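**Q**
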Amino acid sequence: MDLVIEGKAYIKGSFENCCIGISDGKICEIKKIIKADKNLNFGNKLVLPAGVDLHVHFRDPGLTHKEDFSTGTMAAAYGGISCVFDMPNTIPQTTTLQNISDKIALASKKSYVDFGVNAGISDNNIKNIEELAKKCCGFKIYLGDTTNSLRFSSSNLKKAFDKIKLINKPVLIHAEEDNCLIKHNLKENNLVDHINSHPAECEEIAVKNILKISRDINTKVHICHLSSIEGLDLLRNHPRNVSFGVTPHHLLFSAQDNLKPQSHYKVNPPIRSNLDREALFDGLKNGLIDALESDHAPHTLREKDKEFDDTPSGVPGVETIFPLFLYMAKKKILSFQRLISLLCEKPADLMNVSKGKIEVGRDADFIVVDLKRGCKIKPENLHSKCGWTPFEGKSAIFPEYVFVRGEKLIEEHEMLGIKGFGKFVGE
Ligand code: NCD
Ligand code: ZN
34 MDLVIEGKAY IKGSFENCCI GISDGKICEI KKIIKADKNL NFGNKLVLPA GVDLHVHFRD
94 PGLTHKEDFS TGTMAAAYGG ISCVFDMPNT IPQTTTLQNI SDKIALASKK SYVDFGVNAG
154 ISDNNIKNIE ELAKKCCGFK IYLGDTTNSL RFSSSNLKKA FDKIKLINKP VLIHAEEDNC
214 LIKHNLKENN LVDHINSHPA ECEEIAVKNI LKISRDINTK VHICHLSSIE GLDLLRNHPR
274 NVSFGVTPHH LLFSAQDNLK PQSHYKVNPP IRSNLDREAL FDGLKNGLID ALESDHAPHT
334 LREKDKEFDD TPSGVPGVET IFPLFLYMAK KKILSFQRLI SLLCEKPADL MNVSKGKIEV
394 GRDADFIVVD LKRGCKIKPE NLHSKCGWTP FEGKSAIFPE YVFVRGEKLI EEHEMLGIKG
454 FGKFVGE
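Quick note on the numbering used here: the sequence shown kicks off at 34 and runs consecutively.
1. Does the distance between the C-beta of Cys257 and the nearest non-hydrogen atom of the ligand ZN fall short of 8 Å?
2. Inspect the beta-carbon positions of Gly278 and Glu326 and report whether they are closer than 9 Å.
3. Which residue comes first and which comes last in the beta strand (DSSP E) that contains Ala152?
4. Going by DSSP in three states, Val240 sits in which element: helix, strand or coil?
5. Is the number of C-beta pairs between the segment 88-107 and the segment 66-76 that are closer than 8 Å three or more?
6. Residues in the same chain with beta-carbon distance under 8 Å from Gly407, minus the five sequence neighbours each way, listed in chain order, please.
7. Using 8 Å for Cβ pairs, my map puts Leu376 next to Gly84. What's the rounded Cβ distance?
8. What does Glu62 pair with, by DSSP beta-bridge criteria?
9. Measuring CB to CB, does Ile246 end up less than 9 Å from Lys196?
10. Nearer than 8 Å: is that true of the beta carbon of Gly347 relative to any heavy atom of the ligand ZN?
11. Can you tell me whether Ala69 is helix, strand or coil according to DSSP?
12. Throw me the rounded Cβ distance for the Glu62 and Val393 pair, which I believe falls under 8 Å.
13. Go through its chain and collect everything with a Cβ distance to Gly455's Cβ below 6 Å, but skip five positions before and after it.
14. Report yes if the C-beta distance between Phe424 and Pro302 is below 9 Å; otherwise report no.
15. Mapping the DSSP letters down to three states, classify Ile159 as helix, strand or coil.
16. Going by the C-beta, is Asp328 closer than 8 Å to any heavy atom of the ligand NCD?
17. Does the beta-carbon of Ala138 have 16 or more other beta-carbons within 10 angstroms, so that it is buried, or is it exposed?
18. Which parts of the segment 257-327 are runs of the alpha helix (DSSP H), unbroken and 4 residues or longer, counting only runs that do not cross its ends?
19. Answer with buried or exposed for Ser47, where buried requires no fewer than 16 other C-beta atoms within 10 angstroms of its C-beta.
20. Compare the C-alpha of Leu96 against each of Leu190, Ala152, Ile44, Thr333 and name the closest.
21. Below 8 Å on the Cβ atoms is my guess for Asn122 versus Thr180; work out the distance and round it to an integer in Å.
22. Let me check you understand the geometry: is the CB of Val150 closer than 8 Å to at least one non-hydrogen atom of the ligand NCD?
23. Any chance the CB of Met120 is under 8 Å from a heavy atom of the ligand ZN?
24. Only counting the same chain, and skipping five residues up and downstream in sequence, which positions put a Cβ closer than 6 Å to that of Val204?
25. Name, in chain order, the residues that DSSP records as bridge partners for His329.
26. Three-state secondary structure (DSSP) at Ile197?
27. Give me the Cα-Cα distance between Ile38 and Val386, rounded to the nearest whole angstrom.
28. The ligand PLP and His283: does the residue's C-beta get closer than 8 Å to at least one heavy atom of that ligand?
29. Could you give the residue range of the alpha helix (DSSP H) that holds His227?
30. Beta-carbon within less than 7 Å of Glu444's beta-carbon, same chain only, minus the 5 sequence neighbours each way: which residues are those?
31. With a Cβ-Cβ cutoff of 9 Å, do Asp86 and Ala109 count as a contact?
32. Which same chain residues end up closer than 6 Å to Asn74 when comparing Cβ atoms and leaving out the 5 residues on each side of it in sequence?
33. Measuring CB to CB, does Leu176 end up less than 9 Å from His207?
34. Decide if the segment 345-358 is in contact with the segment 287-303; the criterion is three or more beta carbon pairs, one per stretch, under 8 Å apart.
This is how it looks when you write it as structure tokens:
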């Protein structure tokens, strides 16, 4: 045995003081007492599974002035995320086997935490889906146009699903219907204009289409960043293979909040009304929503400080997602059970990785949390290259220690890990 971690650990749905034995980066034993040469005792601090963020945009290659795999995965590590799944809207886009291999190669040299890569499906590469499946962890489809996205016509959804259903990998979908977006297109000056140009109706149409087409297949279909009551209502009775994610920004902000500057909060799908926000939060608490995902979409402050209409959509969030909700779990706004299901167990299962649970055989990915150590989020303490956060001033609890495959990456909030430790999870 290489290491034993002792603490108040979250095992099978509850906390118990116990020892977790680690061998070759995996959990090999969980018992009240394990004797070993190397033993780390965290006393009454919480030992939780590290988070899995199924939705990040690390901008590498091609847009590395915003982020790259080293800064993105460093931010993830500090925030208690041990595995991220990168989206395909880089330059070049991750739409060919070669581009996927190239991204895996560059990320393998730069990453602090483990990572997966999603293949982008556009109208032009549907025929290559089987080939892309050799390397990718999942597929991403954009039904509506967004920042540097890939053109995909909803009339092609059935054709793409007919291929994807033969492959045991998930498909993740940005659910805003493009014809609907085009119909509502307008020059925007503020967040209310952004809602009007991205009305809930566009999400509703997209979700309906996806549900219809997902009914008779077994493939895992994940609808990303749900944002509206209309979308939420459709999920009350959905097929078992379909899951839904929400982001912290849709849960914590509404367009009625007097957010400043407005352009910083421009994101797709948009931040909507307080009623939408409350409905999403209820769905989070009562189990309707399956996953939390950051949709970490860093843009520089220079880009986000442009005129509203010229500002790119997207906000950063990979480092703050777990800390924000750890604070809410401490305050009993959300239970630890729900939080760990939403940010660890469900994303790991969806993306087919052996992480997200403290269980024999899984990767030894943990965070250690001292609930007494809360703080306010400050941009200067974060690690994304973009240098700002929409969550400035919000309360959070950052993990004190982070372990990935049994290696201590973060110790007392300091990085011990090295670039290149992070491994591709799709082999
Ligand atoms: C994302 C980005 O910037 O890459 N922007 C966003 O508003 N969410 C693209 C996307 O996922 O829509
Ligand atoms: Zn995204």
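C-beta: ideal position from N, C-alpha, C; glycine also. All values reported here derive from a predicted model rather than from experimental measurement.
**A** Once the coordinates are examined:
1. yes
2. yes
3. 147-154
4. helix
5. no
6. Tyr360, Lys363, Ser428, Ala429, Ile430
7. 4 Å
8. Gly54
9. no
10. yes
11. coil
12. 7 Å
13. Thr106, Ser144, Tyr145, Val146, Asp147, Phe148
14. no
15. helix
16. yes
17. exposed
18. 262-267, 281-285, 307-319
19. exposed
20. Thr333
21. 7 Å
22. no
23. yes
24. Phe172, Ile197, Val254
25. Val89
26. helix
27. 22 Å
28. Judged by which ligands are present, the ligand PLP is missing from the structure shown, whose ligands are the ligand NCD and the ligand ZN.
29. 224-230
30. Tyr434
31. yes
32. Glu39
33. yes
34. yes
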